[in-house]
RNA sequence: GGGCGAAUAGCUCAGCUGGGAGAGCAUCGGCCUUACAAGCCGAGGGUCACAGGUUCAAGCCCUGUUUCGCCCACCA
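Residue numbers (my numbering): 531 to 1424.
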């Protein structure tokens, strides 16, 4: 790139290429300085509010965040420009396990663990980490241009939100919707915590299926059971078979002698057992398997835990005590083999549950946990969705939502970690009373003892995020924010947390606010790489948003995300597309640069001319009509969450109508001495550019703000300008029809030129044969325009005439475009093309004739459709005639 | 096993209540034409996965099949 490519040249005030880095930084600071992101809270205005899906405080901006926040910003900026009271609440999530892990890792590098510090110091340490590093993702959101009301940034662990958490917990407890119970949970032996079902990921894993002989207690034989986890047999308290399984009926009275431990265990009969699987006998370990736990409940079996919280075998495992669970597995297998009780071992692929945070294999185990009874809460959420008080977009999610909500189980909300909201429950050391209270109790209300100990568990992170839509607005106080902005307007999030988060917000919102938390839910797709693979560090296919911002600019990146955001399930992100939209931004920049050159000396008041379109020349009326249509499309697409259409409609208009046709068309006027023509061109140019900038500001805030500031006149910020509205006076079907003909003729001339390999700068002669008087007048009036755009030095326009044999020919509507081209025509090539054309027309004509001859069609199709077919028929016949004439002419030349 | 989704140009994808198949990129040809070569002009390219059905009319609705993807449950 040489110097003149990037620098301002004498003629223009603006650089030739858009310099995004400097512009973005400058405008974001300016917006913050002017506090334009702050929520307006005026009476009598419509309200629009969004709460951000709070990213983990440990998070680093990934492309999913980028998409999510671009779409939110798009809507927020749109509504702010509409003049709504608009609030976008930002914030972060304390992300219990994730954050604790980060700090524990930090400690490990100092050869410490959290127990060395103790609970209080550890938590201090986490807060310190948050002070230092917790702002990372917030700053990255700012690079994206997010127009959140940063003065209202919240954190799920801050004081107000913690208060809300406590209030909710206490109330639910008092209502009997929170209980503590012994239950089988997914236990992560590394994180030392219970995990919710949906925090466990099931990976297909190659393992082994061990078939073990369990001798009858009377020595009369054995049954074979199979397991992938032989170490759990130490905790077996029964063997289960199907109630109608004839093979095992006699064992009821005998029992089983459990190998290695020597205990005698019963045989129970349970419908859960599938007779066809293996031998139809199932070992039952109620303390270490979810299904076995259920069987145990039904048959009142002992729950024998044989492992501790670290996944190490405990005393109940007898001689195996002290072994890690996997070491124990080996040992057990070896011992069984030695005893001749190992029937066989098969290679076996099965789904193994792993901790979603650390991928350690989870161990199902029983423990005391806290639960929310979700059934009554879930019913309210389902009702709200059924009644249309909450709408889901895309609507394919309804079904999935209902199915999931039907099968929902109680929610385990306790986690055995330190970082989080500590459960506000105390047990009296004297009388055992359980106290759950808003304020920390000093004495036991039951016996007066002061020996109270608080629960050590903290709450699941999703518990606090479930309250996010109202806790961030000041609940439990009845704030003005709550009154104005709750329910929020729309929730924009990724579908993978529909159940983790969205459903729980519905439940909590409906229960505590007696109102839905949001009216619409837009679930966007997951961003994958261009081959449809999940982006992951190990695959090395991650696209880093900050990288993209630096290479292509934030606006180009945002435009790409918007253009990809169709209502589907996956987006295949391709970096080349970002580069393509960078070119688009640059195109807009240059169009503005061109406009600015002509507008800088213009009186800003001339734009009033665009208010009276009837007075204007055709091209102006046309572009105003087109921009009007574009406004309609963009608004419609925004209101229906069809984000890709927002991008597409503006792209199409700016590049292919405004730049390709309008700017070229008005050049003559802009350079003209005729003041009226010049003023009209300047006025409409400025007006349309203004509309376009405002229309696209929500997607590409930086470049639009920059260009806006360069336009003539006193200007405030575009981000607070009113969003474009359609104007009846701009809609002009006639102008569109007329321009269509003119553009068609020009394209026809250009095609003829190119195909005859006429040099682009050479002037040609041309004749237009136009039988229609109105059209002929139109063509005559705009002959200079046609000549300029198609480089024609002599344009003859006649009602009819003879087409010379050696002429280029095109048919545009009923206008014949004729260019005499002695010796320049590629006869063979043209004939080939015409033959193809003829074949196509013949086929099409046959289809239509058949259709019009079909009585059923004539009787049933709407009149408009029939009329259209008739028009089509005559048009095709006309084209066919002309095609045949052309073929005739060319044959003479051969 | 249950549920959901996808299959349209070489690639990535739009195509909404059924009525003449679209875009961007890529390809080919030509061009520094007074905003932009990060550009302009023009061209080629599709049996809408397959098979049936409904309809005057199907990329779109229905049934089945194939391939791929996701989610839930889970097989001891």
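No residue lacks a Cβ here, since even glycine has one placed at the ideal position from N, Cα and C.
Residue i in three-state terms, based on DSSP
| i | result |
| --- | --- |
| residue 723 | strand |
| residue 599 | helix |
| residue 663 | helix |
| residue 799 | strand |
| residue 1245 | coil |
| residue 1163 | helix |
| residue 1048 | strand |
| residue 684 | strand |
| residue 532 | Caution applies to residue 532, whose pLDDT of 34 falls short of 50 and renders its modelled position unreliable; the model cannot decide the point. |
| residue 1074 | coil |
| residue 1408 | helix |
| residue 1273 | helix |
| residue 1280 | helix |
| residue 837 | strand |
| residue 1189 | helix |
| residue 590 | coil |
Status (buried if at least 16 other CB within 10 Å, exposed otherwise) for residue i
| i | result |
| --- | --- |
| residue 1349 | buried |
| residue 884 | buried |
| residue 990 | buried |
| residue 1004 | buried |
| residue 1224 | buried |
| residue 645 | exposed |
| residue 813 | buried |
| residue 1337 | buried |
| residue 676 | buried |
| residue 987 | buried |
| residue 888 | exposed |
| residue 869 | exposed |
| residue 1199 | buried |
Residue i and residue j closer than 9 Å at C-beta
| i | j | result |
| --- | --- | --- |
| residue 1342 | residue 1288 | no |
| residue 818 | residue 842 | no |
| residue 554 | residue 1232 | yes |
| residue 702 | residue 912 | no |
| residue 1176 | residue 1218 | no |
| residue 603 | residue 575 | no |
Limits of the alpha helix (DSSP H) - the one that residue i falls within
| i | result |
| --- | --- |
| residue 560 | 550 to 563 |
| residue 906 | 905 to 916 |
| residue 883 | Segment 872 to 885 is the beta strand (DSSP E) holding residue 883; no alpha helix (DSSP H) there. |
| residue 1324 | First-last for residue 1324: 1322 to 1328, but that is the beta strand (DSSP E), not the alpha helix (DSSP H). |
Whole-angstrom distance between residue j and residue i, CA atom to CA atom
| i | j | result |
| --- | --- | --- |
| residue 534 | residue 1126 | Residue placement at residue 534 cannot be trusted, given a pLDDT of 37 that sits under 50; the coordinates are not used to answer. |
| residue 862 | residue 798 | 24 Å |
| residue 976 | residue 957 | 11 Å |
| residue 898 | residue 910 | 28 Å |
| residue 735 | residue 1011 | 50 Å |
| residue 1362 | residue 1323 | 30 Å |
| residue 618 | residue 1048 | 13 Å |
| residue 565 | residue 1250 | 11 Å |
| residue 858 | residue 827 | 27 Å |
| residue 1356 | residue 1335 | 13 Å |
| residue 815 | residue 1030 | 29 Å |
| residue 1195 | residue 1164 | 25 Å |
| residue 806 | residue 732 | 24 Å |
| residue 1114 | residue 635 | 45 Å |
| residue 1138 | residue 1144 | 13 Å |
| residue 657 | residue 978 | 35 Å |
| residue 1414 | residue 1181 | 39 Å |
Element boundaries [beta strand (DSSP E), containing residue i]
| i | result |
| --- | --- |
| residue 947 | From DSSP, residue 947 is part of no beta strand (DSSP E); its letter is neither H nor E. |
| residue 713 | 708 to 718 |
| residue 1337 | 1337 to 1342 |
| residue 955 | 955 to 958 |
| residue 578 | 577 to 581 |
| residue 1446 | With the chain covering only 531 through 1424, there is no way to say anything about residue 1446. |
| residue 1031 | No beta strand (DSSP E) contains residue 1031, which DSSP labels as neither H nor E. |
Any non-hydrogen atom of the ligand NAD within 8 Å of residue i CB
| i | result |
| --- | --- |
| residue 722 | Ligands displayed in this structure: none; no statement on the ligand NAD is therefore possible. |
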